[in-house]
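Per our numbering, the sequence shown starts with residue 320, numbered consecutively. We put the beta carbon where it would ideally sit given N, CA and C, even for glycine. Single-structure report; data block below.
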Amino acid sequence: MEYLLIFFSFLLHVLTFIVLRHYYLKQQRFEADQHKFQSDKKELEQLLMSYLIEIKEENDRLVSYIAKSPQRNKSDFSNDYRTSKKQDQYDDLEQQSMSKKDSDTTKENNNTDYIPLVDEVIDKREGYEKSYQAEIISRYEQGQTTEAIAKALDRGKTEVELIIKFHKK
Numbered sequence: 320m321e322y323l324l325i326f327f328s329f330l331l332h333v334l335t336f337i338v339l340r341h342y343y344l345k346q347q348r349f350e351a352d353q354h355k356f357q358s359d360k361k362e363l364e365q366l367l368m369s370y371l372i373e374i375k376e377e378n379d380r381l382v383s384y385i386a387k388s389p390q391r392n393k394s395d396f397s398n399d400y401r402t403s404k405k406q407d408q409y410d411d412l413e414q415q416s417m418s419k420k421d422s423d424t425t426k427e428n429n430n431t432d433y434i435p436l437v438d439e440v441i442d443k444r445e446g447y448e449k450s451y452q453a454e455i456i457s458r459y460e461q462g463q464t465t466e467a468i469a470k471a472l473d474r475g476k477t478e479v480e481l482i483i484k485f486h487k488k
């Protein structure tokens, strides 16, 4: 009986040491992650600080450039504002008159049916090329067999059958 108790005691001690080691390693990983996080945080702060300093220097250069450029009087700005305001009013009136003309011409065009010229239709089709799936489906709808379609398009018979099945669904 004593041997059994000693064995259980030994087993509990081993189990306790394993659990303690596990928690110790977990704590070490946590501290390492914490240290890495702190170093990344400091590095990011330094990077942002350097960007901030660069922006501040550029801002100072811009301010000095503006200070060196010739000064304009307030009257120049007010004259520019007045002329731009008049120009905007003129542009608005011109745009309104153009929109009225456009609406009148569209009403006239709606009364007649537009028939495209044959050359325009041909020009549009020159850039158009069917995909091989569309070609397979159109040939199948025309009544060709899957073997004939496969030979004509140099595709496999099962590939043609699958495309037709997918199109039906």
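{"Item": "Reduced DSSP secondary structure (H/G/I, E/B, other) of residue 464", "Value": "coil"}
{"Item": "DSSP state of residue 358 mapped onto helix, strand, coil", "Value": "helix"}
{"Item": "Alpha helix (DSSP H) segment containing residue 449, residue limits", "Value": "Premise fails: residue 449 is in no alpha helix (DSSP H) and is neither H nor E."}
{"Item": "Short CB-CB distance (under 8 angstroms) between residue 360 and chain D", "Value": "The structure shown contains no chain D; it holds only a single protein chain."}
{"Item": "Rounded C-alpha distance that separates residue 338 from residue 349", "Value": "16 angstroms"}
{"Item": "Span separating the alpha-carbon of residue 374 from that of residue 382", "Value": "12 angstroms"}
{"Item": "C-beta contact flag for residue 472 and residue 460 at 8 angstroms", "Value": "no"}
{"Item": "Cβ distance (whole Å) where residue 475 is taken to contact residue 469 below 8 angstroms", "Value": "6 angstroms"}
{"Item": "Whole-angstrom distance between residue 372 and residue 362, CA atom to CA atom", "Value": "15 angstroms"}
{"Item": "Distance, residue 360 Cα to residue 335 Cα", "Value": "37 angstroms"}
{"Item": "Helix, strand or coil at residue 388 according to DSSP, with G and I counted as helix", "Value": "coil"}
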